[in-house]
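Q:
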Amino acid sequence: MGDPAVDAALKQASEELGLEAWYRDCVRPLMRSGPDGYPSCCGGGCEPCSQILIQVAERALELLGRDRVEDPADAPASG
4 MGDPAVDAAL KQASEELGLE AWYRDCVRPL MRSGPDGYPS CCGGGCEPCS
54 QILIQVAERA LELLGRDRVE DPADAPASG
């Protein structure tokens, strides 16, 4: 889909923290925004809770050794 390293880190973090694969696309914006863009938990028992999405984003970024990833729209064109 995108950067293979980002995809691999997101997969590993999701598996480590028990987040189902179909929720991974919900984590990608958090990996781009960093903590300033993290939503708060509403306390409504959401599935998944924003807190698990944040934990997965932070773990994936830790695996990558980055504090955030580039938005694909901002990446330089290859070719």
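Everything in the sequence shown is counted per our numbering, starting at 4 for the first residue and increasing by one.
For every residue, glycine included, the Cβ atom is placed at its ideal position computed from N, Cα and C.
Just so you know, these numbers come straight off a predicted model, no measurement behind them.
(1) My output table needs one value for D70: the three-state DSSP class, helix, strand or coil.
(2) CA-CA distance, D28 and G46?
(3) How many Å lie between L13 and G48 at the Cα?
(4) Identify which residue in P32, G40, A60 has its Cα closest to the Cα of E19.
(5) Rounded to whole angstroms, what's the CA-CA distance from V30 to G68? Just pull it up for me.
A: On the basis of the data shown:
(1) Taking the sequence shown and counting its residues from 1, one reaches residue 70 at position 67. D70 falls in the coil class under three-state DSSP.
(2) Here residue 28 is taken as the residue at index 25 of the sequence shown, counted from 1. Here residue 46 is taken as the residue at index 43 of the sequence shown, counted from 1. Roughly 22 Å between the two C-alpha positions.
(3) Here residue 13 corresponds to residue number 10 of the sequence shown, with the count starting at 1. Here residue 48 corresponds to residue number 45 of the sequence shown, with the count starting at 1. Roughly 23 Å separates the two Cα atoms.
(4) Counted from its first residue, the sequence shown places residue 19 at position 16. Considering only alpha carbons, the answer is A60.
(5) Numbered from its first residue, the sequence shown carries residue 30 at position 27. Numbered from its first residue, the sequence shown carries residue 68 at position 65. Looking at the two C-alpha atoms, the distance is approximately 17 Å.
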